[in-house]
Amino acid sequence: MRTLVLRVSGAVLLIAHSLLTFSPSLKSQWSEIYIYNSIILFVILVVWKAPRINDPFAQPLIIFAMSSWLLGSLLSSISSFATINAPVKLISNLLYLLFYPCIILGVTHILAPRRKFVLLEVFDSSIFGLGLSTIGTTLILGPLLPHFAQNNSDAFFAVIYPICDLILISVTLTTIASQGFSRRGVIFTAGIIIFSLNDFLFLWQQIQGTYSFGSLIDDGWLLGLLIMAESCWHENLDSANKSTINPIFIALSVLLSATLLALIALRPGYFPTFTLIPALMTLALAFIRMTIALNEARNIGHERILARTDELTGLPNRRRLISEIEGFELKNGSLLLLDLDGFKPVNDSHGHETGDKVLQQVALRFSRALPHGTMLARLGGDEFGVLHEGSYESAMELALALRATLSYPFNIEGEHIQIDVSIGVAKNTGDSNLLRRADDAMYKAKREGLGVCRV
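So the sequence shown is residues 1 to 455, counted in full-length UniProt numbering.
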């Protein structure tokens, strides 16, 4: 019951405030400061109490966005009834503007839950947003400047809000398209569209000179915020898919910004100079994003190598060998499995540290005996595998050569250690049981003392 009261209180106050706008005699600082801004406070409480948000970043981002808008609204409302010796209008506009980056990031988390918060996500959104801002400031802001009596600050803030709204709508629709439709997504999108349309209507009235503080248009923003907050109480699709901005849009944003810089250099004074700001920021973020992406790709490549490499010997491991076998089916060759004889007593008598050094020396001797292009892998413990491309006879010769490498002892810290090896050789016939056949041959060689056994 309490939650229901909380959810409807904001709507009731909004209706009351809207009715007051039709009676100018009833409008006062109570309606425009206290009632109006208390509605936004209820919006924040509705989001805070929402039980269905399971993404750890969604609520903080949306609450911070709406809190920023609330502070901007408070400053704007108070300055309309009292004289304050401070750049209130500028601070208020900056707080309104801070709403957008937070809500844009919040959208991707509230509509695509359980997503990992990654740095590249922030850079992609920023590059795309700044790219659109570059276009907007170039094509829209310049022509609108005369309507604002040469006040560049008013022109900038009046136009930047609709540009940010376009970015917000684009990100929301992209997220819904990748995640699928849900009740939360539809309601949240409706709130964003109402909020954005109100910004466009505000811009139109600013140009026409018909906007007045406390008019009905001011309630349009509250209606959009209330609907966004209400969406948090509705179910969302539980999807693990990640929505990302299409790389084509990122590339176009960078290309357009670079083109604009070239045009500004070729025709000075043709475009407003402040269009350089989003253009340069777009290119700077693109270079930073590229650096981060290259580092991540390098790290991923390094991790992939480590995942397929034996830590002790530096040889490929079992995972890598099995992967190579899968692409070996149509080739003429053989698989050799090697199991060291007498290695366990080495560990028991001399310790595991000495055993590890023996394995490293064994890997070195085996590697020197292999022809170019033949793969040697350590499968674990004292087992090794060799994937050899060539005739069956050459594989047998290779097996004998590998055995010969262990014909003389290892000298480990003054200790002479002698071990042997049993080798199973399986010819590749194109079937999927190559590893099993080589394993059977190796155990037969070990069990019967054959040294080398082929199947």
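Ideal placement from N, C-alpha and C gives every residue a C-beta, glycine not left out.
DSSP state of residue i mapped onto helix, strand, coil
i: H388; result: strand
i: N54; result: coil
i: D439; result: helix
i: E329; result: coil
i: K444; result: helix
i: G380; result: strand
i: S92; result: helix
i: F117; result: The pLDDT assigned to F117 is 48, lower than 50, so where the model puts this residue is not dependable, and the model offers no usable value.
i: S334; result: strand
i: G449; result: coil
i: T405; result: coil
i: A229; result: helix
i: S31; result: helix
i: N433; result: coil
i: P87; result: coil
i: I63; result: helix
i: F22; result: coil
i: F213; result: coil
i: A82; result: coil
i: N241; result: Residue placement at N241 is poorly supported in this model, since its pLDDT is 46, which falls under 50; the coordinates are not used for a value here.
Endpoints, the alpha helix (DSSP H) within which residue i is located
i: H234; result: Premise fails: H234 is in no alpha helix (DSSP H) and is neither H nor E.
i: W204; result: 183–208
i: I44; result: 36–49
i: A112; result: From DSSP, A112 is part of no alpha helix (DSSP H); its letter is neither H nor E.
i: L359; result: 352–369
Whole-angstrom C-beta distance between residue j and residue i, which should lie under 8 Å
i: N428; j: S334; result: 6 Å
i: Q29; j: F81; result: 5 Å
i: I39; j: G10; result: 5 Å
i: L45; j: L6; result: 6 Å
i: L225; j: V43; result: 5 Å
i: A377; j: L402; result: A377 to L402, Cβ: 13 Å. No contact.
i: E383; j: L338; result: 7 Å
i: S231; j: I187; result: 4 Å
i: A445; j: G424; result: 6 Å
i: K357; j: I412; result: 5 Å
i: T21; j: S215; result: 6 Å
i: G385; j: L321; result: 5 Å
DSSP bridge partner residues for residue i (one or two, in chain order)
i: residue 511; result: Summary: the structure shown does not reach residue 511, with the chain confined to residues 1 through 455, and so no result is reported for it.
i: S422; result: D339
i: I417; result: F410
i: T309; result: P316
i: K427; result: S334
i: M375; result: L387
Near the ligand NAP: residue i beta-carbon under 8 Å from a heavy atom
i: F157; result: This structure lacks the ligand NAP, and indeed carries no ligand of any kind.
Start and end residues, beta strand (DSSP E) containing residue i
i: V452; result: 452–454
Beta carbon proximity, residue i to chain C, threshold 9 Å
i: L387; result: In the structure shown, chain C does not exist; there is a single protein chain.
- request: Indicate whether the contact test is met: 3 or more Cβ pairs, each with one atom in the segment 71–80 and one in the segment 41–60, closer than 8 Å.
  value: Segments in contact, no.
query: Hey, is the segment 355–370 in contact with the segment 396–414, meaning 3+ C-beta pairs nearer than 8 Å?
result: Three or more pairs of CB atoms, one per stretch, sit closer than 8 Å, so the segment 355–370 contacts the segment 396–414.
- prompt: Are three or more beta carbon pairs between the segment 348–357 and the segment 442–452 nearer than 8 Å?
  reply: No: fewer than three Cβ pairs fall under 8 Å.
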